[in-house]
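Residue numbers (my numbering): 1 to 205.
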Amino acid sequence: MEFVSIFCLFAFISCSILLLHSVFKLFDFGVKKLPLPPGTLGWPYIGETFQLYSQNPSFFFASKVKKYGSIFKTHILGCPCVMISSPEAAKLVLVTKAHLFKPTFPASKERMLGKQAIFFHQGEYHAKLRKLVLRAFKPEAIKNIVPDIEYIAINSLESMQGRLINTYQEMKTYTYNVALLSIFGKDEMLYREDLKRCYYVLEMG
Numbered sequence: 001m002e003f004v005s006i007f008c009l010f011a012f013i014s015c016s017i018l019l020l021h022s023v024f025k026l027f028d029f030g031v032k033k034l035p036l037p038p039g040t041l042g043w044p045y046i047g048e049t050f051q052l053y054s055q056n057p058s059f060f061f062a063s064k065v066k067k068y069g070s071i072f073k074t075h076i077l078g079c080p081c082v083m084i085s086s087p088e089a090a091k092l093v094l095v096t097k098a099h100l101f102k103p104t105f106p107a108s109k110e111r112m113l114g115k116q117a118i119f120f121h122q123g124e125y126h127a128k129l130r131k132l133v134l135r136a137f138k139p140e141a142i143k144n145i146v147p148d149i150e151y152i153a154i155n156s157l158e159s160m161q162g163r164l165i166n167t168y169q170e171m172k173t174y175t176y177n178v179a180l181l182s183i184f185g186k187d188e189m190l191y192r193e194d195l196k197r198c199y200y201v202l203e204m205g
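If you want it as structure tokens, here you go:
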């Protein structure tokens with residue numbers, strides 16, 4: 001009896017979704033739409049979310065790329081979207097036609113990082129911030145701190161001797177220390193542990 005009730009509820013919800021989808025399609029009648037890349041959108045509103053999360057996401061995207069190519073459409077988490085997986089397409093979106101696209105992030109991420117974070121800015125102001133940050137990672141700047149990077153690497157290797165290590169955690173710590181050095185310079189050494197503690201708190205959410 002309980003199974004029948006659940007089945008009826010599921011059937012009712014499915015029919016309601018299909019009915020709503022049909023109504024919305026009526027309102028879109030006559031509207032000229034641009035062509036979309038090949039692909040499938042799955043169920044109305046649900047899309048292909050279940051297919052994505054019922055398996056390893058890598059398998060889902062690999063099968064899509066194999067079937068439709070490096071640019072394809074899908075529908076995930078309630079949002080119709082176009083996926084890109086080739087360097088050429090990524091360059092088109094991020095560089096050549098960047099002014100036509102606007103990145104969006106979950107509200108939770110904005111609350112966590114703050115509205116002033118570089119991710120949430122657009123246009124000329126974002127370009128200026130990006131130049132300031134990237135300046136620290138240019139080849140000329142990195143050449144000047146190679147000895148300091150080597151010092152961090154040697155210290156990391158020495159700290160691993162005689163103990164069981166987690167490679168992922170050790171590499172994350174090493175990368176973090178090099179990033180601090182690149183952005184803040186040698187002065188950051190005085191505040192490294194405080195910054196690291198704040199970073200790990202932020203990372204945990």
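Beta carbons are placed, not taken as given, at the ideal position from N, Cα and C, and that holds for glycine.
Query, Result
"Cβ contact (3+ pairs, closer than 8 Å) linking the stretch 59-79 and the stretch 41-48", "yes"
"Per-residue burial, Ser159 [other beta carbons within 10 Å of its own, 16 or more giving buried]", "exposed"
"Thr96, enclosing beta strand (DSSP E) - first and last residue", "Here Thr96 belongs to no beta strand (DSSP E), and DSSP marks it neither H nor E."
"Proximity below 8 Å, CB of Ala89 to CB of Ile71", "yes"
"6 Å CB neighbourhood of Phe27 in its chain, flanking five on each side removed", "Only weak support exists for where Phe27 lies, its pLDDT of 48 falling under 50; the coordinates are left without a value."
"Span of the beta strand (DSSP E) around Pro80", "Cys79 to Ile84"
"Assigned secondary structure, Phe50 (DSSP; H/G/I helix, E/B strand, else coil)", "helix"
"Touching by the beta-carbon criterion (3+ pairs, under 8 Å), the stretch 130-141 and the stretch 167-184", "yes"
"Neighbour-count burial assignment, Gly78, 16 or more Cβ in a 10 Å radius", "exposed"
"Cutoff 6 Å; reference Val93; Cβ partners in own chain excluding five residues on either side", "Phe101"
"Extent of the continuous beta strand (DSSP E) run through Phe72", "Ile71 to Ile76"
"Span separating the alpha-carbon of Met83 from that of Gln161", "44 Å"
"Distance between beta carbons of Tyr168 and Tyr199, contact taken as under 8 Å", "Actually they are not in contact, since the Cβ atoms of Tyr199 and Tyr168 sit about 16 Å apart, beyond 8 Å."
"Cut-off 6 Å between Cβ atoms - residues of its own chain near Leu36, not counting five sequence neighbours on either side", "Lys73"
"Cut-off 6 Å between Cβ atoms - residues of its own chain near Ile149, not counting five sequence neighbours on either side", "Val178"
"Residue span of the alpha helix (DSSP H) that contains Ile154, given as start and end", "Val146 to Met160"
"Selection from Met171, Leu129 and Lys97 that minimises the alpha carbon distance to Asn155", "Met171"
"Option nearest Thr40 by Cα separation, candidates Glu124, Tyr68, Ile152 and Pro87", "Tyr68"
"Cutoff 8 Å; reference Ser85; Cβ partners in own chain excluding five residues on either side", "Phe61, Val65, Ser70 and Ile71"
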